[in-house]
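Chains A and B are the protein sequences, given in the same order. Quick note: the first sequence, position 142, residue 142 per the numbering used here, numbers continuous. Convert by adding 1000 to the 1-based position in the second sequence; the result is the number in the numbering used here. Below is one structure, written out as structure tokens; comments come after it.
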Amino acid sequence: MTKKSDDQKNSKPLVGLFITCLVDLMRPSVGFATVELLEQAGCRVEVPEEQTCCGKPGYNSGDLANARDVAKRVIEIFEPYDYVVVPSGSCAGMISRHYPKLLAGIPRWENRAEVLAEKCFELTGFLTDVMGFTAPAPLSDLSGRTFTYHDTCTGLREMRVKAQPRQLLRNLRNVEITEMKGTEECCGFGGTFAAKMPDISRHMVDAKIRRAEDAGAQIILGGDMGCLMNIAGRMKRLGKDIEVRHVAEVLAGRLDIPAINGKGE
Amino acid sequence: MESKSSEFLARSSEAMRDEHLQSVLNKLRAGLEYKRKAAILKIPNFEELKEHARAVKDHTLANLDHYLEEFESSVIESGGHVHWARTSADLNRIALEICQKAGALRVTKSKSMIAEETGLNTVLEEAGIEVTETDLGEYIIQLAEEPPSHIIGPAIHKTKQQVIDLFKNHHDLGERELESVKSIVDEARKVLRDKFCNADVGITGANFLVAETGRIGLVTNEGNGDLTATLPRVHIAVASIEKVVPTPEDASALLRVLVPSATGQPITSYVSFFGGPRKQGDPDGPEEFHVILLDNNRTDMLAGEFRDMLRCIRCATCLNHCPVYTSVGGHAYGWVYPGPMGSVLTPLMTGMGKAHLLPNACSSCGRCEEVCPMGVPLPDMLRQLRTIEREQGLTPAGWRWGLTAFMKLLQHPRIYHLGARWTTAALKRMGKKRGSIASIPVGSGWTKVRELPSPEGRTFQDLWRQKNRKGASGNE
Ligand code: SF4
């Protein structure tokens, strides 16, 4: 059943990369950084072509029928892999926390959803908790700038991501996070919430930005493109210049790529 | 109480422009979060206590009819009366009848969310009865003619200066100046003392209804509940049916998680149990004791998918930790219960039609569920309400069709990827100069307050395929 058995000689775990619609569309660099990290950690990585998105926007807005169909597709596509790794806490949470609820009571699918849920991980959680990935010495030293970390809600509460990115940043890039206040508070993204209730969302993201400024941050990191685009987009509108970046890129040492709120040409 | 939940967006925008309110909410957010955390740290087995409290509630809910009947017989046995109110109007009518029968002109009240739910004060006042709220917060909003903005601290939205101004307008202060919080409290105490002594009927809420003993449990910090229950001739307790617990021990199990969560105290200053009228030889107590039990759609909840909501013990932790509540305050929600628990209860009690925006006032951050001592799955229930909203055709058409089309598209990878390639290229061109896009036609709420950052211009899938093709041909 698993693809691993096709390739007995290779004992490296085979990871199916769930790229997420936002990384695919907005920021492929995060995807390449993710592949690089997974390979460094000793995985083989495949990117199934038929994948699209986890279906969370519809699910959260009450379209359960379509969300179920999308969930079944994702399960079919990814169940052959040893692990499913996602550079996003939100999509990983959708697969591992919500698919089982969504398909509960549906014969065959309930079980398949639970099996997939068990092997689905957010990137930094996977690198640390499953692969035990560490470098003997930092691969490079990025400690010259002040970084802060936004704990994205789903990563934190659904995928238990908190210490892992900090530990990896320290270990791989000699980066010590300067914590801001309220790091576990929502940035106001919330998927369609940001567009449905923009004024409240703005109020929340402004609080986040203020706290990053108070901490003296030059760079805000996080593990979810949605939240990062929200913070970056608001920062742009306000003309502020704290850089917003995905943690995978920094872990891969890629500070040379323009930030998400980078300048135009 | 009449619902204004359909005005949520306008009311919340106004609230975010109100500087006084914002300063209060900022303090609330920091203060209560910190107090709760500190309190819980001091209780090493808090997780166990929570689990036990949940088990008590689940057991009670599973046998609710039994325990309600037991409660009724215990009350009757101790000489009191139990009245059943299916709707808010029923409760108000019953309470008014009791007051009129007692020839009541003056009523004192301690804090009760159930009375807020039914709008009891208005009904009594319209019948010519003077009603005085005796909880300081409730007293303040009564003077201000406002509904509560928080289920524990009803006047939490008021600054000290606003309270002083209110007192200046309503009390005869003469030469006296109010400055400190203490002077405010003393002033209220002085006025309320008279009210306590002259009241004919006292109306309280109830945190617990103990089936075994027929007593009601009241948790307060001001002691006003005790004076309301014991001084007047008649004591009426109003409570919803899910407040019943089997035994006094069970009440204490809930108490132990309620108070640290609510106020950060190990226990409130007053925890009192009342039941039955004064017996011969009792030094105090009322001549009559009535309990009015309110349903108001709760039995429907019990039988359906929102049953877990009945575990709620109204500790307000979910409000204090909700980023939407702490942004807009309680009045924006337009009815009695605000925040995450309110966004579940309001549509269930007042109907989806008026309240369907509330389950959307949620970024699905999951903090409410994380902190809720009773493990109420608030985010799941809010999502379920959005599902009902969609089924009832209340979702705005643009969102509904846009999202449905998107969800269908996800099931056609070839078209999806083609569309993604085209979109990312187009967005890249649009954002070339600024590095971001100032306005987009679809989901324009996004660009109302922020830019859309420019994409890198090619999709990952596209680049990955190209890279692998090159890699493969290089190997040949
Ligand atoms: S839902 Fe939970 S956190 Fe909110 S008031 Fe009820 S018991 Fe407290």
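We put the CB at the ideal spot given by N, CA and C, even for glycine. Predicted model, so just to flag it, every value in this text is computed and none were measured.
Residue i: buried (16+ other C-beta within 10 angstroms of its C-beta) or exposed?
i: B/Y1034; result: exposed
i: A/N60; result: buried
i: B/K1279; result: exposed
i: B/W1335; result: buried
i: B/W1464; result: buried
i: B/P1373; result: buried
i: B/W1401; result: exposed
i: B/A1010; result: exposed
i: B/V944; result: What the structure shows of chain B is the stretch from 1001 to 1476, and residue 944 of chain B is not part of that stretch, so it cannot be assessed.
i: B/G1474; result: Confidence is the limiting factor: at B/G1474 the pLDDT is only 46, short of 50, which leaves the residue's position unreliable and the question unanswerable from this model.
i: B/A1316; result: buried
i: B/P1044; result: exposed
i: B/P1323; result: buried
i: B/D1250; result: buried
i: B/E1019; result: exposed
i: B/K1243; result: buried
Between the options, which has its C-alpha nearest residue i's C-alpha?
i: B/A1039; options: B/W1335, B/I1267, B/H1290; result: B/I1267
i: B/D1380; options: B/A1253, B/E1072, B/R1367; result: B/R1367
i: B/G1174; options: B/V1181, B/K1182, B/E1187; result: B/E1187
i: A/M26; options: B/R1469, B/G1431, B/S1183; result: B/G1431
i: A/E118; options: A/T178, A/Y81, A/D141; result: A/Y81
i: B/Y1030; options: B/T1263, B/G1281, B/L1227, B/Q1384; result: Inspection of the sequence shows that residue 1030 of chain B is occupied by Ala rather than by Tyr. Among B/T1263, B/G1281, B/L1227, B/Q1384, the Cα nearest to that of B/A1030 belongs to B/T1263.
i: B/R1054; options: B/L1254, B/A1303, B/H1331, B/P1286; result: B/L1254
i: B/T1024; options: B/V1328, B/P1377, B/G1443, B/N1296; result: One point to set straight first is that residue 1024 of chain B is Val, not Thr, in the sequence displayed. Minimum Cα distance to B/V1024 is reached at B/V1328.
i: A/C91; options: A/K56, A/R173, A/I242; result: A/K56
i: B/T1220; options: B/E1125, B/S1110, B/K1004, B/K1050; result: B/S1110
i: B/R1233; options: B/V1191, B/I1241, B/K1195, B/G1285; result: B/G1285
i: B/R1414; options: A/E179, A/N171, A/C53; result: A/C53
i: B/E1047; options: B/L1258, B/S1272, B/I1388, B/L1385; result: B/L1258
i: A/R170; options: A/R97, A/A252, A/I242, A/L238; result: A/A252
i: A/H246; options: A/I260, A/R112, A/R237; result: A/I260
i: A/R210; options: A/G223, A/L238, A/G105, A/G226; result: A/L238
i: B/T1230; options: B/I1141, B/N1198, B/K1158; result: B/N1198
i: A/K208; options: A/A195, A/E179, A/L37; result: A/E179
i: A/L33; options: B/K1470, B/R1390, B/V1324, B/F1460; result: According to the sequence provided, residue 33 of chain A is Ala. The question's Leu does not apply to it. The shortest C-alpha separation from A/A33 is found at B/F1460.
i: A/D267; options: A/T134, A/S143, A/L142, A/L228; result: Outside the modelled stretch of chain A, which goes from 1 to 265, sits residue 267 of chain A, for which no answer is possible.
i: A/P198; options: B/S1013, B/Q1411, B/L1120; result: B/S1013
i: B/E1179; options: B/D1194, B/Q1161, B/R1189; result: B/Q1161
May I ask which residues mark the beginning and end of the beta strand (DSSP E) holding residue i?
i: B/S1272; result: 1270-1274
i: A/Y83; result: 83-86
i: B/H1290; result: 1288-1294
i: A/V45; result: 44-46
i: A/C227; result: First-last for A/C227: 225-238, but that is the alpha helix (DSSP H), not the beta strand (DSSP E).
Taking DSSP as the reference, what is the three-state secondary structure of residue i?
i: A/K4; result: Low local confidence applies: a pLDDT of 47 at A/K4 is under 50, so the model's placement there is unreliable, with the coordinate-based value given in what follows. Three-state result, A/K4: helix.
i: B/A1229; result: helix
i: B/T1395; result: coil
i: A/L277; result: Within the shown structure, residues of chain A are numbered from 1 to 265, placing residue 277 of chain A beyond reach of any answer.
i: A/E249; result: helix
i: A/Y59; result: helix
i: B/G1419; result: helix
i: B/S1074; result: helix
i: B/H1331; result: helix
i: A/V205; result: helix
i: B/I1114; result: helix
i: A/E36; result: helix
i: B/I1236; result: strand
Going by the DSSP bridge assignment, what does residue i pair with across the sheet?
i: B/D1453; result: It is worth fixing the name first, because residue 1453 of chain B is Pro in this sequence and not Asp. Paired residue(s): B/S1436.
i: A/E243; result: A/I219
i: B/H1081; result: B/H1290
i: B/K1109; result: B/E1133, B/I1203
i: A/T148; result: A/I220
i: B/L1218; result: B/S1272
i: B/L1209; result: B/I1216, B/V1244
i: A/E158; result: None; A/E158 has no bridge partner.
Counting along the chain, where does the alpha helix (DSSP H) carrying residue i start and finish?
i: B/Y1139; result: 1136-1144
i: B/A950; result: This structure cannot settle anything about residue 950 of chain B, because the visible part of chain B is limited to 1001 through 1476.
i: B/Y1337; result: Here B/Y1337 belongs to no alpha helix (DSSP H), and DSSP marks it neither H nor E.
i: B/T1459; result: Segment: none, B/T1459 is in no alpha helix (DSSP H) and carries neither H nor E.
i: B/C1322; result: Unbroken run through B/C1322: none, as it is neither H nor E.
i: B/F1167; result: 1160-1170
i: A/E110; result: 109-118
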